[in-house]
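*Asks:*
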Amino acid sequence: MIPLALIVLFGRSRLRWLTVRGVSMEPTYADGDRLLVLRSRPRTGVPVVFEVPSRGGPPSAPPDVDWLVKRVVATAGQPVPPGLEQWGSTVPPGHFLVRGDNPRSLDSRHFGFVPDDSALGRVLRAYRPATPG
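Position 86 of the sequence shown, counting from 1, maps to 92 under the numbering used here, and the rest follow consecutively.
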């Protein structure tokens, strides 16, 4: 349970609940997991929730998907990690790169750099709904 003081401290505008749809972050997050997202800047190594890139969106993304959750692999000024070299050698200012924890994830390998202003925040906490049985 998230302490009430945390919610009061950050305010409702800084915290948001979202439900994972899909398997791109398995085994870290599963389809149906609930994420508590804290509005903040992307940081390398941390899962981030961001709006679907506007460059036509990722290929094969369902039309009703507004946001994605992926792990940040590089931020502005950092070298582009192996497997993403097609986008350049360094992440440009105001952008970051992401990868899903599932190797078959739809991520920056497909849609490139993500603008910083599309970040909704980092995952603060994840809850897996109880399964009946």
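We treat Cβ as the ideally placed atom computed from N, Cα and C, and that holds for glycine.
Is it the case that the Cβ atoms of A125 and P48 are separated by a distance below 9 Å?
*Replies:* To locate residue 125, count along the sequence shown from 1; it is residue 119. To locate residue 48, count along the sequence shown from 1; it is residue 42. Contact: yes.
*Asks:* Give every residue of the same chain whose Cβ lies closer than 7 Å to the Cβ of G38, excluding the five residues on either side of it in the sequence, and list them in chain order.
*Replies:* Position 32 of the sequence shown, counted from the start, is the residue given in the question as residue 38. Contacts found: T25, V26, P135.
*Asks:* For S46 and V120, what's the separation of their Cα atoms in angstroms?
*Replies:* Position 40 of the sequence shown, counted from the start, is the residue given in the question as residue 46. Position 114 of the sequence shown, counted from the start, is the residue given in the question as residue 120. Distance between the alpha carbons of S46 and V120 is about 15 Å.
*Asks:* Looking at the secondary structure, which residues open and close the alpha helix (DSSP H) in which F117 lies?
*Replies:* Walking along the sequence shown from the start, residue 117 turns up at place 111. Taken as a continuous stretch (DSSP letters only), the alpha helix (DSSP H) holding F117 covers 114-117.
*Asks:* Using DSSP's beta-bridge definition, name the partner residues of V54.
*Replies:* Taking the first residue of the sequence shown as 1, we reach residue 54 at position 48. In the DSSP assignment, the residues bridged to V54 are K76, R128.
*Asks:* What are the boundary residues of the beta strand (DSSP E) that includes T96?
*Replies:* By one-based count along the sequence shown, residue 96 stands at place 90. From DSSP, T96 is part of no beta strand (DSSP E); its letter is neither H nor E.
*Asks:* Which word fits D113, buried or exposed, when buried means at least 16 other C-beta atoms lie within 10 angstroms of its C-beta?
*Replies:* As a working note, residue 113 is residue 107 in the sequence shown. Per the 10 Å Cβ criterion, buried.
*Asks:* By Cβ distance, which residues of its chain are closer than 8 Å to W93, with the 5 residues on each side in sequence left out?
*Replies:* Position 87 of the sequence shown, counted from the first residue, corresponds to residue 93. Only V86, L103, S114, G118, F119 meet the Cβ criterion.
*Asks:* Can you tell me whether R20 is helix, strand or coil according to DSSP?
*Replies:* Mapped onto the sequence shown, residue 20 falls at position 14. In this structure, DSSP gives R20 a helical state, which the three-state scheme calls helix.
*Asks:* Could you tell me which residues DSSP pairs with V120 in its beta bridges?
*Replies:* Walking along the sequence shown from the start, residue 120 turns up at place 114. Beta-bridge pairing links V120 to F102.
*Asks:* If V54 sits next to A80, beta carbons under 8 Å apart, how far is it from one beta carbon to the other, in whole angstroms?
*Replies:* Numbered from 1 along the sequence shown, position 48 holds the residue referred to as residue 54. Numbered from 1 along the sequence shown, position 74 holds the residue referred to as residue 80. Incorrect: roughly 12 Å between the Cβ atoms, too far for contact.
*Asks:* Under a Cβ-count criterion, where at least 16 other Cβ atoms within 10 Å of its own Cβ denotes burial, should P88 be classed as buried or exposed?
*Replies:* Taking the sequence shown and counting its residues from 1, the one referred to as residue 88 is at position 82. So P88 counts as exposed.
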